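These notes are about the structure you will find just below.
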Amino acid sequence: MRRLLLLGGLLVLTMNAAGQGPAVATGPAVGERIPSISAVDQDGRERDFDSLKGPNGLLLLFHRSADW
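Structure follows, in structure tokens:
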């Protein structure tokens with residue numbers, strides 16, 4: 256029984272290590288400037304990040320809903 260548990264544990268560890276691929280960069284790095292984009296706000300004015308940024312910068316949060 257002990258050998259079976261040890262073999263099962265080693266199998267799980269091996270499968271876990273084999274399933275991890277290389278890291279893929281999916282966006283800007285931390286601290287890197289974002290691309291300049293603009294959008295129309297609720298009042299019809301075109302806004303970009305520079306017009307929204309204050310003296311301490313801008314906190315931008317992307318939230319993907321888990322309700323799908």
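For the numbering used here, count along the sequence shown from 1 and bump the result up by 255. Quick reminder that beta carbons are idealized off the backbone N, C-alpha and C, glycines included. Every value quoted in this text rests on a predicted model; they were computed, and no experiment measured them.
Beyond the five residues adjoining it in sequence on each side, V295 comes within less than 8 angstroms, by CB distance, of E301, R302 in the same chain, given in chain order. Per DSSP, S306 lies in no beta strand (DSSP E) segment; the continuous alpha helix (DSSP H) that holds it begins and ends at 304 to 307. Counting only the Cα atoms, A321 lies some 27 angstroms from F304.
Under the three-state reduction of DSSP output, G263 falls in the helix class. A278 and I292 have their C-alpha atoms spaced approximately 27 angstroms apart.
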